Amino acid sequence: MIRIQRRHVWCVRMVVVLCALVVITFGWGGPIGPPASAGTPLVAPITTPLATSLQSSSGTWATLPMGHLNEPLNTFWQLFYRPTGVTTWSDKVEATATATNGGLVLAAAAGQPFIAAVRPTNLLHFSPIIHTSDGGRAWANGLLPGGLSARPDALSSAPTGQTLAIVDRGPGTAVLASDGSLSTWRTLTTSAQLASGTAGKTCGLQVLTAVVSWTNSPVVGANCTRPGVVGMFQRRAKTWQLDPLTLPGSLAEGRVEVLSLGQTPYGLDALLGITEATGSAVVAAWTTSQGGWSISPPLALAAHDHIVSYGSASGVGLFSLTASSSGAERLAVIDGPGATWHTLPALPPDTATVAFGPTSASVIDALAAHDTTMTVWTLASASSDWLKGQVLPVKIEYGSSS
Amino acid sequence: MPGMGKGLTTNDPIVVSAFHTALIHQGLIVLLILAVAGVTWNVVRSLHLRGMAAGAEGRPLMFRSESAGEPQARRVLRIGFGLIWLLDGILQVQASMPLGLVTQGIQPTAAASPTWVQHLVNAGTTIWTFHPVQAAAAAVWIQVGIGLWLLFVPRGRWSRLGGLASLGWGLMVWVFGESFGGIFAPGLTWLFGAPGAALFYCAAGALIALPDRAWATPRLGRTVLRVMGVFFVAMAILQAWPGRGFWSGLTRSGGVGTLAGMVQQMAQTPQPHVLSSWVASFERFDAAHGWGVNLFVVLALAAIGGAFISAQPRIARVGVIAAAVLCLADWVLVEDFGFFGGVGTDPNSMIPMLLVCIGGFLAMTRLPVAASSDVVPIVTDRAGTKSWRQRLTTSPGYAARSLAAAAALGIVLVGAVPMAVATASPNADPILANAIDGSPNALHYPAPPFSLIDQHGQAVSLSGLHGKTIALTFLDPVCTSDCPIIAQEFRQADQMLGAESKKVDLIAIDANPRYLAPDYLVAFDDQENLATIPNWLYLTGTDKELARIWDAYGILVGYAPGGAMIAHSDTAYVISRDGDMNWVLALDPGSPTSATKSSFAVTLANAIKNSLNGS
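Going down the list, the sequences are from chains A and B.
The first sequence lines up with residues 2 to 403 when you count with this note's numbering.
The second sequence lines up with residues 551 to 1165 when you count with this note's numbering.
Here's what the structure looks like:
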């Protein structure tokens, strides 16, 4: 009897040990496959792609990725150029003389050279710069003492000759300024400094996203965690202050990210990404002659839409190129203050960005890239069809960055 | 050219050839050890027989069977695991072991484990990746040695020491080779070999190392069976745990389930067609009946576990038979025998696990009996009261065991000693660099002159550097792949030179025709932490000056299309203190690892030392 009881106790102990063993040792192993992420937002934050186009004094520049886009070291960003008044594009990326796997960021201003900065990739940790004043016939160089941030407006040049850049520095970012050489830079501020200031605290600053020079004073765009606050910081009287840009009531509940900042002949333009619990939208804004802002109606994005490209349209207009989860792309354009977004005819497949002009502001080129071929599709004014035009093969040196 | 270099393939002919050469050399030493052991045994036996013939008149001379009286359970474990270690040693001879074991066997297993496991495994495998030939050869002889030790030393302290050797090496294999058998990784399952074959080697080694008295009662067998029983039940619970992908043969998206997916992978391993067709058939069966297969596995594991926990001989016997059937089925249909594919190092966990179960059962049910009285040992004295010298001369069994153990230990040391010597060096074997880019070539002609400016704008000419040995290369300051690696190899070579680095200048010449200003060179130096090296110079000039120097040194430089970096030769020269070219080295890093980088640095440092020594 005693023996049976002892055995019973032993069995109970074994079961307890067994359960503990299973729970402690294997319990956390969890399911096989990707772990469920905690706190996944209902709406994904808006992405900031580098593919874009830019007008310079001599012509239009565009950058987009080609090659094997699912392999970072076999994705090569190209630098296409179309001179003013010409309808064909040529690839000028060879002028970078370095690997472009990390992407290119473009900047231009009236009377100033066109600048392309190479984002560092792989073992390179700083950003080489090339610039040209004659449409890419002759190039000069500069460099950033750090890696340029992966934002299409992380680089900006002003008609005054000042160039601003956002570079990654440690866990944060820094805003640098150069007064012409593009090799000598000074630090204006850092994300940590901005975040710790009064304006930064009001915003709940996360990251710096865009930079532009306005009236020879830097303006820095950011991503704010405080709902409804637009993170646009301007340096006044040696302090950084939030621009008093306020969104209308319907948008004031969302978190705002300054996607782009640009100069117009009349002031500034900005593209804002707004993420709310129920969806996201893009809003354009322009400064007014009274010192305030003119804000566009929102361009609503569907739940799984993502932005493929954005940038300047003709005049003071802006464009937004988005794609749905099925891959269908939508090009929306807004012409300027007081206008509304209008959607253009369905884009050709694989469109990476669009460029306006050159012969007429109403003519648009869609630049579609697939593997090693870039195809130009043109939408003439009042037409509803994109017409296939130039086909530009690009020689890609696969494996050269490995 | 940056990015265009070849990496090391697992069957690189230079490394494989060196591996085979090392095995042959060490094999000759092993043969010598065996010959010496054989001769010694004959001498000892002759002396002993002579002595016994004189002292044991009228009595028949009989040697006591060496394994007589050894508990049956221990014998099963000893011979079983001896054979497995021997097989493992033979599998280590496969040509892809030096370069393939870590990259194709160990790292993929570790990748699924937590970061701390990966760090630990990486720390251990660094020895292998830095010295692949010595490590692979060491694994062969250590495992063959342990196998022979267990097989041919059946009794006594020497035999128990063999068990400890099995335990120690098994632990090494389990931690560093199997990443703790994957027990910290998600997806742990008995079907795929949890908790790792080597853990059973350790268990068997520990049992073999136990003193004789431990086998005298059924307690040891009961304990082993109960531990195995708890393990089986735990595995059953884990197998039944929902959400792990085993209850369905197909996923919701139509893909194969967890078990079928694993089996599918195994079926693709190079192996005889008949075996892959069995495995593929089971994969299809599981895809169609995943729920039923898992239910059967869960119930079988639980039932076997219950039978073992009961520790009742009759029930346990049924459990052992069921375990044998289940283990063998899993070994063939899921684990696919475990050793195919070129880097299979063992027959996986099922056979070792089964041996431990059988050992436990026998230890409980077949207790050792006293040696048969009709076998009369030649030596009747109690051995325990004698010194080892006396025992060696009076007991042939002890002498045989000692000689066999010494020979086995010698075989283990044949692999372990060169490995230990290699491990003492923190630098990788130069064979890796030789395998990627070939050996350095000797040159004997004056180095082409140059006159450029350094990163600080100071004029530098080759003639002004006479009196110092120069290591010269050509680097692109905005290169994203090879040049930073080559710069680090120069830096490592400089450290390896120690005090002699004062007699050496490390020089790079700009190899990018667009980025010529010293600013880029300074940025590169900052990026690579070269600014603090006093004998580092990075030179630049006008594009025409550089083009002339590139041409004179045979360096090809060209723009590459499509956003690729500048293409240029990855070459280094060692120039003597008199300005003569001594060595040219190809420095294309291929697919760089810390081992290949260290190997290139060793090769460069050796070339510099040769130049310093005037050879």
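A virtual CB, placed ideally from N, CA and C, is assigned to each residue, including glycine.
None of these values were measured; they are calculated from a predicted model.
From the DSSP output, in three-state form, read off residue 810 of chain B for me. Helix, per DSSP.
Among A/300, A/294, A/176, nearest to residue 241 of chain A - alpha-carbon criterion: Scanning A/300, A/294, A/176 for the CA closest to the CA of residue 241 of chain A turns up A/176.
Environment of residue 1045 of chain B [buried if 16+ CB atoms lie within 10 Å]: Residue 1045 of chain B should be labelled exposed.
Go through its chain and collect everything with a Cβ distance to residue 843 of chain B's Cβ below 8 Å, but skip five positions before and after it. Non-local C-beta neighbours of residue 843 of chain B in its own chain, meaning closer than 8 Å and more than five positions away in sequence, comprise 799, 809, 835, 836, ordered along the chain.
Using a Cβ-Cβ distance cut-off of 8 Å, determine whether residue 179 of chain A contacts chain B. Residue 179 of chain A has a beta carbon lying at 8 Å or more from every beta carbon in chain B.
CA-CA distance, residue 79 of chain A and residue 69 of chain A? Each residue's Cα considered, the two are about 13 Å apart.
With a cut-off of 8 Å on the beta carbons, I'd call residue 320 of chain A and residue 314 of chain A a contact; round off their distance for me. Cβ-Cβ separation between residue 320 of chain A and residue 314 of chain A: approximately 5 Å, consistent with a contact (criterion under 8 Å).
Member of A/152, A/148, A/94, A/259 whose CA lies at the smallest distance from the CA of residue 139 of chain A: The option with the nearest alpha carbon to residue 139 of chain A is A/94.
Return the CA-CA distance between residue 941 of chain B and residue 948 of chain B, expressed in angstroms with no decimal places. Cα to Cα, residue 941 of chain B sits roughly 7 Å from residue 948 of chain B.
Pick helix, strand or coil for residue 1097 of chain B, following the three-state DSSP scheme. For residue 1097 of chain B, the secondary structure class from DSSP, reduced to helix, strand or coil, is helix.
With which residues is residue 176 of chain A paired in a DSSP beta bridge? Residue 176 of chain A has A/167, A/190 as its beta-bridge partners, per DSSP.
Hey, how far is the Cα of residue 558 of chain B from the Cα of residue 812 of chain B? Residue 558 of chain B and residue 812 of chain B: Cα-Cα distance of roughly 28 Å.
Quick one: give me the first and last residue of the beta strand (DSSP E) that residue 268 of chain A is part of. From DSSP, the beta strand (DSSP E) with residue 268 of chain A extends over 268-276.
Flag this pair as touching only if the region 640-648 of chain B and the region 1100-1112 of chain B have three or more C-beta atom pairs under 8 Å; answer yes or no. Cβ pair count under 8 Å is below three, so no.
Start-to-end residues for the alpha helix (DSSP H) that takes in residue 1147 of chain B: Counting along the chain, the alpha helix (DSSP H) containing residue 1147 of chain B begins and ends at 1144-1162.
Going by the beta-carbon positions, is the gap between residue 968 of chain B and residue 684 of chain B smaller than 8 Å? Contact flag set, yes.
Using the rule of at least 16 other Cβ atoms within 10 Å of the residue's Cβ for burial, across every protein chain shown, is residue 202 of chain A buried or exposed? Residue 202 of chain A is classed as exposed because its beta carbon has fewer than 16 other beta carbons within 10 Å across all chains shown.
Secondary structure, beta strand (DSSP E): runs of 3+ residues fully inside the region 935-974 of chain B: Within the region 935-974 of chain B, no run of beta strand (DSSP E) at least 3 residues long lies entirely inside it.
What are the start and end residues of each continuous beta strand (DSSP E) run of 3 or more residues lying completely inside the region 753-777 of chain B, in chain order? Within the region 753-777 of chain B, no complete beta strand (DSSP E) run reaches 3 residues.
Below 6 Å CB to CB, which residues in the same chain sit around residue 36 of chain A once its five sequence neighbours on both sides are set aside? Confidence at residue 36 of chain A is low in this model, with a pLDDT of 32, below 50, so the placement of that residue is unreliable and no value is reported for it.
Do residue 712 of chain B and residue 748 of chain B have their C-beta atoms closer together than 8 Å? At a Cβ-Cβ threshold of 8 Å, residue 712 of chain B and residue 748 of chain B do not count as neighbours.
Could you work out which residue in B/769, B/1054, B/1048, B/817 is closest to residue 916 of chain B when comparing CA atoms only? Measuring from the Cα of residue 916 of chain B, the nearest candidate turns out to be B/769.
For residue 642 of chain B, the three-state DSSP class (helix, strand or coil): Taken through DSSP and simplified to helix, strand or coil, residue 642 of chain B comes out as coil.
Using a beta-carbon distance below 8 Å, is residue 1115 of chain B in contact with chain A? With its beta carbon less than 8 Å from one in chain A, residue 1115 of chain B belongs to the interface.
Spatial distance of residue 895 of chain B from residue 98 of chain A (CA atoms): Between residue 895 of chain B and residue 98 of chain A, the C-alpha separation is close to 47 Å.
On the DSSP bridge list, what partners appear for residue 330 of chain A? Note: residue 330 of chain A sits in a beta bridge opposite A/324.
From this set, B/985, B/822, B/912, which residue's C-alpha is nearest residue 882 of chain B's C-alpha? Of the candidates B/985, B/822, B/912, the one whose C-alpha sits nearest the C-alpha of residue 882 of chain B is B/822.
So that I know if they touch, is there some Cβ in chain B lying closer than 8 Å to that of residue 371 of chain A? No, its Cβ sits nowhere closer than 8 Å to a Cβ of chain B.
In the structure shown, what three-state DSSP assignment does residue 225 of chain A receive? Shown here, residue 225 of chain A sits in a strand according to DSSP, grouped into three states.
Environment of residue 114 of chain A [buried if 16+ CB atoms lie within 10 Å]: Residue 114 of chain A should be labelled buried.
Counted within 10 angstroms of its Cβ, other Cβ atoms place residue 846 of chain B as buried (16 or more) or exposed: Around the beta carbon of residue 846 of chain B, fewer than 16 other beta carbons lie within 10 angstroms, which makes this residue exposed.
Does the region 950-957 of chain B come close enough to the region 697-704 of chain B to have 3 or more Cβ pairs within less than 8 Å? With a cut-off of 8 Å on Cβ pairs, the region 950-957 of chain B is in contact with the region 697-704 of chain B, counting three or more such pairs.
What is the residue span of the beta strand (DSSP E) that residue 1024 of chain B lies within? Residue 1024 of chain B -> beta strand (DSSP E) spans 1019-1025.
For residue 760 of chain B, the nearest candidate out of B/788, B/717, B/782 (CA to CA): Of the listed residues, the one whose Cα sits closest to residue 760 of chain B is B/717.
Quick one, which of A/88, A/197, A/158, A/294 has its alpha-carbon nearest residue 214 of chain A's? Cα-wise, what sits closest to residue 214 of chain A is A/158.
Could you tell me the alpha carbon to alpha carbon distance between residue 355 of chain A and residue 1158 of chain B, rounded to whole angstroms? Distance between the alpha carbons of residue 355 of chain A and residue 1158 of chain B is about 56 Å.
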